[in-house]
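Line by line, the protein sequences give chains A and L.
Counting along the first sequence from 1, when you hit position 339 you're at 730 in the numbering used here, and nothing is skipped either side.
Counting along the second sequence from 1, when you hit position 21 you're at 81 in the numbering used here, and nothing is skipped either side.
Just so you know, even glycine gets a beta-carbon here, dropped at the ideal spot from N, CA and C.
Remember, it's a predicted structure, so these values are computed and weren't measured experimentally.
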Amino acid sequence: MKTTRRNFIQQTALFTSVFTLGFDWFESKGAGMAIASEPGRFNAFLSIDALGKIRLYSPNPEIGQGIKTAFPVVVAEELDVDWKQVEVLQANLDTQNFERQLTGGSGALKHSWERLRKAGASVRQMMVQAAANQWKVDASVCKTAKGFVLGPSGQKASYGSLAAEAAKLPVPATVTFKDRKDYKIIGTRVRGVDNKDIVTGKPVFGIDVRKPGMVFAQIVRPPFGATLKSFSAEDVKKMPGIIDVVSFKNKVAIVGTSTYEIMQARQNLTCSYGSDTPLEGNDTHQAWFDAGMKSDKATVQRKDGDFAKAISEAAKVIEATYECPFIAHSPMEPMNFFADVKPGSVLLAGPTQVPQPAQKAVATLLGVPENTVQVELTKMGGGFGRRLNNDFALEAAELSSIIKKPVLVMWTREDDMGGGIYRPAVRYHFKAGIDAKGNITSFYLRGVGLNAGNSTRQDNFPVGAIDHVLIESVDQKSAVTTGPWRAPITNFLGFAEQAFLDEVAEAAGKDPIQMRLDLLARVKSNPVGKITYEADRFAEVIKQVAEKSQWKKKPGVHQGFSVYYSHFSYVAQVAEVQVKNGKPQVTHVTAVTDCGEVINLSGSENQVKGAIIDGMGHAMFAKLNFQAGVTSPTNFNAYRMIRGNEIPKIDAYFVDNGISPTGLGEPALPPTGGSIANAIYAATKKRFYKQPFY
Amino acid sequence: MAITLTINRKKVSLDIDSNTPLLWALRDHVGLLGTKFGCGIAQCGACTVWVNGEPMRSCVLPISAVGNAQITTIEGLDPAGKHPIQEAWDELDVAQCGYCQAGQIMTAAALLKKNPHPSKQEIVDGMAGNICRCGTYHRIQEAVALASKKVKK
């Protein structure tokens, strides 16, 4: 069958989704008509006009993970153009032509790698064919370089000059990708495409959205678990600049002409709340953890062999309990969203990691067809998972539909930190049995989470290396709203597990690195049950980090090791601690990452270093408390964020294996708490069982 | 009563509450959106602007306190992005999400103005008041050092 442009877009769009958050968010219809009819638009990802202007369209929301630069790098590489020639544009939500237009799960490159390469390579081949036709030579004798097709006798034609003819050709049914040794852009340091806008202060974020006739609003939300009984708005309405005060879904919205006036008026608002059940506090959560640990209704997530028998026969048993609190995502740009609900059309604009669910949910809320809801994507001032939950978009749409005005709903930092959606609080209990030779023969984990779902990762290492395993979870429902937080679950499980294995290694009299390598050798030769990781790739990052960090070869330096596999990538770390004035200081972290092919070395290093700083800061300092359904603290004066004078030197290395790329927005975070805690233990003999450490 | 401010060398007359923090005057009334809101309590530094060349937290600075002072925002630093700090920020590809960077850049540029060739420790200390949630601190510090070399030329 001949591949037409239309069904090329269909084919790329209908490629099986491998996104792993558990369900398919995006079922593309794949019509592709709008794009195919645009002049110069060869496919969803690129257009080349007669003047040689090359535009690359980046569909996924940019949150700081660098996708707006990385995606076009792949297309440009296969298209074989000079990076300086291309212009990168953020595509708005377009469910006809893009799929998986979201930011989450560190999954974008893994999902789109083949599609992006195909989008570039197929157009390169069409350019070659157009030139070959013109020169009356065989396409196979033509080459490309920097946006030109080069003929066998010195002919040279720019892509721009060939674009019109190339556009008439059929899209090739098969494409040949570049050999990676010929890469000119992939793997180099490519600067972010938005750098200029950032350093000159261009209004590119959600909070910067301005539309004609727009008003501002802030929303007062109830304590977790409470309902709004009444509120007094008369004094508020009299304040200058206030347009209206309205209530919906237990919330009170103050609408006005400027942010400061709304903030002032808000101080005069009194709300009274009630609840049918006692509102939650720290004590409630502790009681739930205790009950969950004793519960006989745990869900068995994994069972290998006979754990109970094996542990009873162990020469030595090691046990430990770990616990983390709810924490906020605290992106520097607080939540905000613009909505303009009009009869027949809805415009949404703002920072969301998941624009299509925003479109769907708003359409459902308002009872309007989805195709009447347009979503403009803005740059996001961070998100870390917070912007996967579209509560802010729904609120804005609902408010706009009530006040019949275009409105930007702004959250203050207090609203943002006090209003959910949080990383779930979790308690883990680990048990390991070792035999007389120091081999781990049995392994147990129970996770009790508050709105955490399955708080374990039952098929991840060290599972697969141990004969008798039992992994269980208990999920306790809470009124405190939770959601994914950068490296969901593993952001804390990674710490707990790696800290526990350090204790096990010590009890077994083994070197922590050698113990992991021995376990992985066992997985390689004779794995137990289903596993999600590849033992060889796991072992390689471990071996490399041991070498790069000079593991146990630096006298006077205390080192801690950890390694974790998440989002299909492997990261091993060695942290170093020196005791200065009696206090342990993390001075250096060496990280080796296997995320397959590194697309943009600059962006990749930034992600690894940033994730380590993020993991370190939150492991050491972050904690939210609850009393009667109310969160504290709610701002950075009491909620401590890691600062630039508290960071260690970080060396980030990447395994060069040419395997298809996998995620990097999250994977360097989960091992961080463990490497640091293990290094601090090496220095002080003090182990941490709770986050925050301090 | 109208208040006249001098912002990026231009006089701007505003008829708003004189208690309005400079941040919100800039964003909601002047239409300069480069200065960012992060915390509202002078903790994070995202809203840093210059008042007579001194870096100040605009989220807690009422316009009544500004008087005739020269206000410089990120838009006024160098609109072409050619200030050594801006160039270094691009060259070293500092930003991840970029939201805090206007405040980081205004803090860094003020630091270099006062001390064109700071030591590593002076850079670390000088930049410690600004939070970057993405954790771009290494590159922020490296970029200040790089910009310092550019100033030398």
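Anyone know if the C-beta pair for residue i and residue j falls short of 9 Å?
i: PRO1039 (chain A); j: TYR1030 (chain A); result: no
i: GLN156 (chain L); j: ASN917 (chain A); result: no
i: VAL871 (chain A); j: GLU671 (chain A); result: yes
i: LYS620 (chain A); j: SER663 (chain A); result: yes
i: MET723 (chain A); j: CYS119 (chain L); result: no
i: LYS96 (chain L); j: ILE598 (chain A); result: yes
i: PHE579 (chain A); j: ASN991 (chain A); result: According to the sequence as given, residue 579 (chain A) is Thr; it is not Phe. The answer is yes: Cβ separation under 9 Å.
i: LYS822 (chain A); j: VAL919 (chain A); result: no
i: SER552 (chain A); j: ALA441 (chain A); result: yes
i: HIS993 (chain A); j: ASP153 (chain L); result: Sequence inspection shows Ser at residue 993 (chain A); the His mentioned does not correspond to that position. It is a contact, given that the beta carbons lie within the stated cut-off.
i: PRO1052 (chain A); j: VAL999 (chain A); result: no
i: LEU785 (chain A); j: ALA752 (chain A); result: yes
i: ARG381 (chain A); j: VAL914 (chain A); result: Since the first residue shown for chain A is 392 and the last is 1085, residue 381 (chain A) is missing from the structure and cannot be characterised.
i: LYS921 (chain A); j: ASP858 (chain A); result: no
Is it buried or exposed, residue i, if we count other Cβ atoms within 10 angstroms and call 16 or more buried?
i: ASP985 (chain A); result: buried
i: HIS177 (chain L); result: exposed
i: GLY113 (chain L); result: exposed
i: PRO725 (chain A); result: buried
i: ASP866 (chain A); result: buried
i: ARG818 (chain A); result: buried
i: TYR1085 (chain A); result: exposed
i: GLN658 (chain A); result: exposed
i: ARG87 (chain L); result: buried
i: PHE414 (chain A); result: For PHE414 (chain A), the pLDDT reaches just 26, beneath the cut-off of 50, and the residue's location in the model is therefore unreliable, although a value from the coordinates is still provided. So PHE414 (chain A) counts as exposed.
i: THR690 (chain A); result: exposed
i: ARG515 (chain A); result: buried
Bridge partners of residue i, per DSSP?
i: ARG837 (chain A); result: A:HIS820, A:GLU863
i: ALA982 (chain A); result: A:GLN964, A:ALA1043
i: PRO563 (chain A); result: Paired residue(s): none; PRO563 (chain A) is not in a bridge.
i: ARG446 (chain A); result: A:SER438, A:GLU478
i: LYS70 (chain L); result: L:ILE67
i: GLU714 (chain A); result: A:ARG818, A:LYS1081
i: CYS662 (chain A); result: A:PHE622
i: PHE728 (chain A); result: A:VAL800
i: LEU1087 (chain A); result: Limits of chain A in this structure are 392 at one end and 1085 at the other, which puts residue 1087 (chain A) out of reach.
Alpha carbon to alpha carbon, how far is residue j from residue i? Give it in angstroms, no decimals.
i: ALA963 (chain A); j: GLY647 (chain A); result: 51 Å
i: ALA554 (chain A); j: GLN481 (chain A); result: 22 Å
i: LYS642 (chain A); j: THR755 (chain A); result: 20 Å
i: GLY605 (chain A); j: GLY683 (chain A); result: The sequence as given places Met at residue 605 (chain A); Gly does not occur at that position. In a straight line, the C-alpha of MET605 (chain A) is about 49 Å away from that of GLY683 (chain A).
i: GLY1065 (chain A); j: GLY951 (chain A); result: 8 Å
i: ARG508 (chain A); j: LYS796 (chain A); result: 44 Å
i: LYS180 (chain L); j: GLN201 (chain L); result: 8 Å
i: ASN483 (chain A); j: GLY195 (chain L); result: 28 Å
i: LYS640 (chain A); j: GLN492 (chain A); result: 29 Å
i: THR881 (chain A); j: PRO1083 (chain A); result: 16 Å
i: GLU478 (chain A); j: PRO603 (chain A); result: 28 Å
i: THR80 (chain L); j: SER208 (chain L); result: 35 Å
i: MET1111 (chain A); j: PRO563 (chain A); result: Look at the range of chain A in this structure, 392 to 1085, and you will see that residue 1111 (chain A) is not part of it.
i: THR1022 (chain A); j: ILE454 (chain A); result: 26 Å
i: ASN762 (chain A); j: GLN609 (chain A); result: 28 Å
i: ARG446 (chain A); j: PRO543 (chain A); result: 28 Å
i: ASP570 (chain A); j: GLU469 (chain A); result: 10 Å
i: LEU560 (chain A); j: ASN524 (chain A); result: 11 Å
Exercise. Name the residues in the stretch 106-123 of chain L whose C-beta lies less than 7 Å from a C-beta of chain C; which are they?
Worked result: This model lacks chain C altogether, as its protein chains are A and L.
For this session: Below 9 Å between beta carbons is the criterion; list the residues of the stretch 801-829 of chain A that meet it against any residue of chain L, in chain order.
Result: MET801, THR803, ARG804, GLU805
Exercise. Name the residues in the stretch 171-185 of chain L whose C-beta lies less than 8 Å from a C-beta of chain A; which are they?
Worked result: For the stretch 171-185 of chain L, residues whose beta-carbon sits nearer than 8 Å to a beta-carbon of chain A comprise VAL184, ASP185.
For this session: Could you run through the stretch 137-153 of chain L and flag, in chain order, every residue whose CB is less than 7 Å away from some CB of chain A?
Result: PRO139, GLY141, GLN146, TRP149, ASP150, ASP153
For this session: Check distances from the C-beta atoms of the stretch 570-583 of chain A to those of chain L and list, in chain order, the residues that come in under 9 Å.
Result: Residues ARG580, VAL581, ARG582, GLY583.
Exercise. In the stretch 1027-1060 of chain A, which residues sit with their C-beta less than 9 Å from some C-beta in chain L, listed in chain order?
Worked result: PHE1027, ASN1028, MET1032, ILE1033, ARG1034, GLY1035, ASN1036, GLU1037, ILE1038, LYS1040, ILE1041
Exercise. Any residues in the stretch 88-101 of chain L with a beta carbon nearer than 9 Å to a beta carbon of chain A? Which ones, in chain order?
Worked result: ASP88, HIS89, GLY91, LEU92, LEU93, GLY94, THR95, LYS96, PHE97, GLY98, CYS99, GLY100, ILE101
Problem set entry | Members of the stretch 647-678 of chain A near chain L, C-beta cut-off 9 Å | Listed by position, the residues of the stretch 647-678 of chain A near chain L (Cβ gap below 9 Å) are THR648, SER649, THR650, TYR651, GLU652, MET654, GLN655.
For this session: Please list the residues of the stretch 761-776 of chain A that have a C-beta atom closer than 9 Å to any C-beta atom in chain L, keeping them in chain order.
Result: For the stretch 761-776 of chain A, which is checked against every Cβ of chain L, the residues closer than 9 Å are LYS770, MET771, GLY772, GLY773, GLY774, PHE775.
Problem set entry | Under 8 Å (Cβ pairs) to chain L, residues found in the stretch 974-998 of chain A | SER993, GLY994, ASN997, GLN998
For this session: Residues of the stretch 454-487 of chain A with a CB closer than 8 Å to any CB of chain L: list them in chain order, please.
Result: Taking 8 Å as the Cβ-Cβ cut-off against chain L, the residues of the stretch 454-487 of chain A that qualify are ILE454, GLY455, GLN456, GLY457.
Problem set entry | Near-chain A residues of the stretch 187-200 of chain L (beta-carbon distance less than 9 Å), N- to C-terminal order | MET187, ALA188, GLY189, ASN190, ILE191, CYS192, ARG193, CYS194, GLY195, THR196, TYR197, HIS198, ARG199, ILE200
For this session: Could you run through the stretch 695-726 of chain A and flag, in chain order, every residue whose CB is less than 9 Å away from some CB of chain L?
Result: HIS720, SER721, PRO722, MET723, GLU724, PRO725
For this session: With 8 Å as the C-beta to C-beta threshold (strictly closer), list the residues of the stretch 1000-1021 of chain A near chain L in chain order.
Result: Correct list: LYS1000, GLY1001, ALA1002, ILE1003, ILE1004, ASP1005, GLY1008.
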